[in-house]
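Q: Just so you know, the protein sequences line up as chains A and B, in that order. Numbered by the UniProt record's numbering, the letters in the first sequence go through residues 1 to 126 in order. Numbered by the UniProt record's numbering, the letters in the second sequence go through residues 1 to 126 in order. Backbone N, C-alpha and C fix where the C-beta goes; we use that ideal spot for every residue, glycine too. Mind having a look at this structure? Questions to follow.
Protein chains: 2
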Amino acid sequence: MKVYSISEAAAKLHIPESTIRYYEKKGLLPQVERDEAGRRLFSEDLITFLGIIIYLKNTHMPISRIKQYVDLVVEGESTIELRLEMMKQHKQAVLAEIALMHEALKGIDVKITRYTTYTQERKAAK
Amino acid sequence: MKVYSISEAAAKLHIPESTIRYYEKKGLLPQVERDEAGRRLFSEDLITFLGIIIYLKNTHMPISRIKQYVDLVVEGESTIELRLEMMKQHKQAVLAEIALMHEALKGIDVKITRYTTYTQERKAAK
DNA sequence: TGTTGACTTAAACCATGGTTTAAGTCGTAT
DNA sequence: ATACGACTTAAACCATGGTTTAAGTCAACA
């Protein structure tokens, strides 16, 4: 199984290397292997795991909470129910946030409609 | 027409007074009237306007960009086309962000499914 | 009259989520 | 042998979006 350097992992995930180091320091990447020279080695599995962290980040889960999740993963199978509850709860929070954004979009659409109408009328009057 | 105090405006919009003061300082609330004692007076129109700012904020428009929009509003009717373009562009950005969140939700759903299956099997094995 | 309560200000403070810098260590290609 | 590129670290720095604090003013009520 191939392992990747930090630069390769960063390229695969489209994030800066510095962010990966930051996440590791924050405890979001437990047990990253190193080579003899101390360089990080990223397995496919670890890159997949980091992908999930990025999903959580993209849905605005705070790093402190992602860390709680990672800690449960590290703890092992006994925490699967807790993880399930966490993911369910997060999903609801995300859906609520999306709903809020849709609500705001309605207000923005009202503006777009008004401005469009005004612009059309200006054009017609020319 | 009734005017509202900052505490009333804050209650109506469900935001802290401190945030309203902060927004004013950042230039998002042009020409807030004051009474003889120097207290801010919020008309219905101003509260509506602040509502739009909150919509923009809830869809993650940066304050610096909201300020640009407000400046266009202050400038008058000649900027309506620019405002229209701005709102259209923002709408696209918001839709893109929502799409990203939906994508992430798919990955989260995979976890929910896995964890649920595992939990069901544990229960069945009891 | 004096003490609340609601307001004012400027400035300091805070959390979040990184990014950048400086100084150093390797492994490899010339 | 050396110089280059990729990596390492800790610590400093940054932007964003507020919140909190301290000190003061003012109106109205007891």
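Taking its Cβ as the centre, do 16 or more other Cβ atoms sit within 10 Å of LEU56 (chain B), making it buried, or is it exposed?
A: buried
Q: With a threshold of 8 Å between beta-carbons, can residue 136 (chain B) be considered close to chain A, or not?
A: The displayed coordinates of chain B run from 1 to 126. Any statement about residue 136 (chain B) would go beyond what the structure contains.
Q: Counting only beta-carbon separations shorter than 8 Å, does TYR55 (chain B) have a partner in chain A?
A: For TYR55 (chain B), the closest Cβ of chain A is nearer than 8 Å.
Q: At the level of alpha carbons, what is the spacing between residue 198 (chain A) and ALA37 (chain A)?
A: Given that chain A is displayed from residue 1 to residue 126, the structure contains no residue 198 (chain A) and the question cannot be resolved.
Q: So within the region 46–103 of chain B, which uninterrupted alpha helix (DSSP H) runs reach at least 4 residues, ignoring any that extend past its ends?
A: 63–75
Q: Check the Cβ of ILE81 (chain B) against every Cβ in chain A and list those closer than 9 Å, keeping chain order.
A: Correcting the residue identity first, residue 81 (chain B) is Glu in this sequence and not Ile. Neighbours of GLU81 (chain B) on chain A, chain order: TYR115, TYR118, THR119, ARG122.
Q: Per DSSP, what kind of secondary structure is SER43 (chain B) in: helix, strand or coil?
A: strand
Q: Could you have a look at VAL3 (chain B) and say whether DSSP puts it in helix, strand or coil?
A: strand
Q: Just verifying my parser: in three-state terms, what is the DSSP assignment at GLU33 (chain A)?
A: strand
Q: For LEU28 (chain A), count neighbouring Cβ atoms within 10 angstroms of its own Cβ and tell me buried if that reaches 16, exposed if not.
A: buried
Q: Confirm, please, whether the CB-CB distance from TYR115 (chain A) to ARG83 (chain B) is below 8 Å.
A: Yes. Within cutoff.
Q: Where does residue 167 (chain B) land, buried or exposed, given buried means 16+ other C-beta within 10 angstroms?
A: With chain B covering only 1 through 126, there is no way to say anything about residue 167 (chain B).
Q: Of all the options B:GLU97, B:GLU75, B:GLY107, which has the alpha carbon lying nearest to the alpha carbon of HIS90 (chain A)?
A: B:GLY107
Q: Across the region 56–76 of chain B and the region 53–68 of chain A, are there enough close Cβ pairs to call them in contact, namely three or more that are closer than 8 Å?
A: no
Q: Could you check whether the Cβ of VAL94 (chain A) sits closer than 8 Å to any Cβ belonging to chain B?
A: yes
Q: Excluding the 5 residues flanking SER43 (chain B) on each side, which residues of the same chain have their C-beta closer than 7 Å to its C-beta?
A: MET1, VAL3
Q: Thinking just about the alpha-carbon of each residue, which of B:MET86, B:ILE80, B:ALA124 is nearest to the one in ARG122 (chain A)?
A: Comparing C-alpha distances from ARG122 (chain A) to each of B:MET86, B:ILE80, B:ALA124 shows the shortest one belongs to B:ILE80.
Q: First and last residue of the alpha helix (DSSP H) that includes ILE20 (chain B)?
A: Taken as a continuous stretch (DSSP letters only), the alpha helix (DSSP H) holding ILE20 (chain B) covers 17–25.
Q: Please name the residues in the region 96–107 of chain B whose beta-carbon is closer than 9 Å to at least one beta-carbon of chain A, in chain order.
A: GLU97, ILE98, LEU100, MET101, HIS102, GLU103, ALA104, LEU105, LYS106, GLY107
Q: Please list the residues of the UniProt domain "HTH merR-type" (3–72) of chain B that have a C-beta atom closer than 9 Å to any C-beta atom in chain A, keeping them in chain order.
A: GLY51, ILE52, ILE54, TYR55, LEU56, LYS57, ASN58, THR59, HIS60
Q: Take the Cβ of LEU50 (chain A) as the centre, count every other Cβ of all protein chains shown within 10 Å, and call the residue buried at 16 or more, exposed below.
A: Per the 10 Å Cβ criterion, buried.
Q: Whole angstroms is fine: what's the gap from SER18 (chain B)'s alpha carbon to SER78 (chain A)'s?
A: 45 Å
Q: In this structure, does DSSP put LEU105 (chain A) in helix, strand or coil?
A: helix
Q: Just the Cα atoms here: how many angstroms apart are ARG40 (chain B) and ILE20 (chain B)?
A: 10 Å
Q: Who are the Cβ neighbours of ARG34 (chain A) in its own chain at under 7 Å, not counting the five residues just before and after it?
A: ARG40, LEU41
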